[in-house]
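Read through the structure below, which is laid out as structure tokens, and then see the notes.
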Amino acid sequence: MNPSLRWPSALLAALLLTVMSSPAAAQDAPLSARESDPIDMGWMQGSPPPPDKVLSAVDRSFFEFPALRYSVAHMRQFLPTVNVGRGLGDPVPFEVELDAGIDSVTFVPWDASEPMTWEESLWANYTDGILVLHRGRIVYERYFGALTPGGKHAAMSVTKSLTGLLAAALAVEGTLDPDKPVTDYVPELEGSAFGDVTVRQVMDMTTNLDYSEDYADPDAEIWEYAEATDPSAAPSDGPVGTLAYLQTIQAAGPPGEAFAYQTPNADALGWIVTRASGQPLNELLSDRIWSRIGMEQSGYYQVDAVGTPAAGGGFSGGLRDMGRLGELIRNEGMWRGEQVLPRLAISDIRRGGSVEDFARSDHPALDGWSYRDLWWITNNANGAFAARGVHGQTVYVDPTAEMVIVRFASHPVAANAANDPTSLPAYQAVADYLMAHDSR
40 MNPSLRWPSA LLAALLLTVM SSPAAAQDAP LSARESDPID MGWMQGSPPP
90 PDKVLSAVDR SFFEFPALRY SVAHMRQFLP TVNVGRGLGD PVPFEVELDA
140 GIDSVTFVPW DASEPMTWEE SLWANYTDGI LVLHRGRIVY ERYFGALTPG
190 GKHAAMSVTK SLTGLLAAAL AVEGTLDPDK PVTDYVPELE GSAFGDVTVR
240 QVMDMTTNLD YSEDYADPDA EIWEYAEATD PSAAPSDGPV GTLAYLQTIQ
290 AAGPPGEAFA YQTPNADALG WIVTRASGQP LNELLSDRIW SRIGMEQSGY
340 YQVDAVGTPA AGGGFSGGLR DMGRLGELIR NEGMWRGEQV LPRLAISDIR
390 RGGSVEDFAR SDHPALDGWS YRDLWWITNN ANGAFAARGV HGQTVYVDPT
440 AEMVIVRFAS HPVAANAAND PTSLPAYQAV ADYLMAHDSR
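Per my numbering: the sequence shown = residues 40 to 479.
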């Protein structure tokens, strides 16, 4: 498939999932966050919108910067989805105790000499929504651009961590055995790269797939994956749907030797979890989490042409609801006195994976980190860990500071390498600030 003739599918471009190699992938001088405000730019406003303000999944205009600043908060408007129900109970409200001092917290970005304030970092990183919880109380909350308190935002590859969380819970409960071969759950993957790996290797992305997500390479497997997962693609001779494509992936070498961030692992785990639990992924997430902790809104998954939820990057949800998820995890699966998820599942995530395996991957700025159950483990002094997605999505959990940060964003560069220098030190600075106030 020639990328000069066809960009990745609407679904894939929206989710992907790619940790691109360099911030240079962005246009030379993108509009600033203020200049690219999607409401001010008028995207999809009017009845009907003016022709030059209409966005479409067919031509991918909906996910080109700056238009993506609108679409990330309206993915259901462009792509087919399935619901993740919140149940019929009343939402469980947060206590709110806003701290105006957080805006003035300062830190020095990586490779910089001048300090930056927390508030400045939000604009620098094209933030659409930001929530800071301390001991379960909202101490900071802001919305920008097209996102409102009642809206939902694409979580991108944060979705992977939802899939990993469900797998970790099923493993503790004995429904899923991470040490078993993948083919015990999905025999259809016999003959693919997944036919010779364990569930654990999929959960930790040490499968060593012969698969590249390098957009600059016209022969990269990403283009085949894009065609297979496109919900609007015309019939072709190739695989149709995510699950069919997974069966075609081959191994690059022996598994278990290094971490490599490859989205098909998350899609494969979604298939495994579905088979082990006997439930579609959206129903499983609803039954196990979304309907049990007082969510304000239902969420949704984008789906491929055969209705498979995108386990690697297709979830959208509300900002406060992602905060509830973070609080559930920070409290080791406990929510308001009820053990919703097994405590040992959270412990398994927190202990992290092999630092040595992670070091062999292409993430030089994340020195000392590891990866476990599709979660990113900082291994810092506070024991922080995170779900991370392209364009700046995160659920950042700091157990020592008793803090959860949720950020939705629409940075013009997909790779987190573009915002990590002004995000990760900012998170640490707020953690230090909150802990310092505790000691007073």
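Glycine is no exception: its CB is placed at the ideal position from the N, C-alpha and C atoms.
Residues that DSSP places opposite residue i in a beta bridge
i: M373; result: Q378
i: E134; result: R176
i: Y339; result: N122 and S355
i: G2; result: The shown model of the chain, from 40 to 479, leaves out residue 2, and the question about it has no answer.
i: H192; result: G356
i: P220; result: T237
i: F146; result: M155
i: M442; result: H173 and D437
Inter-residue spacing [alpha-carbon to alpha-carbon] between residue i and residue j
i: L137; j: M474; result: 16 Å
i: R446; j: A291; result: 35 Å
i: L209; j: P105; result: 40 Å
i: I288; j: T281; result: 11 Å
i: F418; j: D406; result: It should be pointed out that residue 418 corresponds to Asn in this sequence rather than to Phe. Looking at the two C-alpha atoms, the distance is approximately 9 Å.
i: F397; j: Y410; result: 7 Å
i: Q336; j: G124; result: 8 Å
i: L55; j: V238; result: Low confidence applies here, because L55 scores a pLDDT of 44, under 50, leaving its location unreliable and the question unanswered by this model.
i: G392; j: I416; result: 8 Å
i: V225; j: P294; result: 18 Å
i: P87; j: G81; result: 12 Å
i: Q66; j: A72; result: For Q66, the predicted model reports a pLDDT of 47, less than 50, meaning its position is unreliable and no value from the coordinates is stated.
i: R176; j: E134; result: 5 Å
i: A448; j: M442; result: 19 Å
i: Y339; j: H192; result: 10 Å
i: R360; j: S152; result: Reading off the sequence, residue 360 comes out as Asp, not Arg. Between D360 and S152, the C-alpha separation is close to 36 Å.
i: A307; j: V221; result: 9 Å
i: P403; j: A456; result: 10 Å
i: V97; j: D79; result: 24 Å
i: T187; j: T166; result: 12 Å
i: M242; j: M373; result: 23 Å
i: P119; j: E377; result: 34 Å
i: L358; j: L161; result: 15 Å
i: G85; j: E103; result: 21 Å
Own chain, CB closer than 8 Å to residue i, minus 5 neighbours either side, in chain order
i: M83; result: K92, V93, L94, Y109, H113 and Q116
i: W157; result: I141, D142, S143, V144, T145, F146, A465, A468 and V469
i: Q286; result: E227, L228, G230, S231 and P278
i: V178; result: E136, L137, D138, I141, V171, L172 and L473
i: P130; result: G333, M334 and E335
i: Q240; result: T246, P294 and G295
i: P319; result: V121, T313 and P348
Range of the contiguous beta strand (DSSP E) that encloses residue i
i: A425; result: F424 to G428
i: V436; result: Q432 to D437
i: Y410; result: S409 to R411
i: W415; result: W414 to I416
Spatial neighbours of residue i in its chain, beta-carbon cut-off 7 Å, leaving aside the 5 residues before and after
i: S400; result: A297, F298, A299 and Y300
i: T347; result: G280, T281 and L282
i: Y250; result: E260, I288, Q301 and P303
i: P460; result: P148, W149 and D150
i: A305; result: K199, T202, A350, G351 and L413
i: A207; result: A384, D387, I388 and D412
i: D437; result: N421, A423 and A470
i: L324; result: V123, L201 and L205
i: A315; result: L209, T214, L215 and Y224
i: A440; result: N421, A470, L473 and M474
i: P69; result: F104 and P451
Rounded Cβ spacing between residue i and residue j (contact assumed at less than 8 Å)
i: N38; j: N122; result: A question about residue 38 goes unanswered here, because the residues of the chain that appear run from 40 up to 479.
i: R363; j: G333; result: 7 Å
i: Q432; j: M244; result: Between M244 and Q432 the Cβ distance is about 18 Å, and since that is not below 8 Å, they are no contact.
i: G365; j: V434; result: 5 Å
i: V379; j: I328; result: 7 Å
i: G126; j: S355; result: That pair is no contact at about 18 Å.
Neighbourhood of residue i by C-beta distance below 6 Å, restricted to the same chain and skipping five residues each side
i: W46; result: Only weak support is given to the placement of W46: the predicted model assigns it a pLDDT of 37, under 50, and the question is left unresolved by the model.
i: D76; result: G184
i: G190; result: A112
i: M40; result: Low local confidence applies: a pLDDT of 40 at M40 is under 50, so the model's placement there is unreliable, with the coordinate-based value given in what follows. Cβ neighbours of M40 beyond the five flanking positions: W262 and E266.
i: L463; result: none
Span of the alpha helix (DSSP H) around residue i
i: A206; result: V197 to E212
i: E395; result: V394 to A398
i: D306; result: P303 to S316
i: L282; result: T281 to L285
i: T246; result: Per DSSP, T246 belongs to no alpha helix (DSSP H) and is neither H nor E.
i: M334; result: Premise fails: M334 is in no alpha helix (DSSP H) and is neither H nor E.
i: P79; result: It should be pointed out that residue 79 corresponds to Asp in this sequence rather than to Pro. It spans P77 to M80 - the alpha helix (DSSP H) in which D79 sits, taken as one unbroken run.
i: Q467; result: D459 to D477
i: Y264; result: I261 to T268
i: R108; result: L107 to S110
i: N321; result: L320 to L324
CB contact check: residue i to chain B, cutoff 9 Å
i: N247; result: Given the protein chain composition of this structure (a single chain), no chain B is represented.
Cβ-heavy atom distance, residue i to the ligand ZN, below 8 Å
i: W329; result: As far as ligands go, the structure on display features none, and thus does not contain the ligand ZN.
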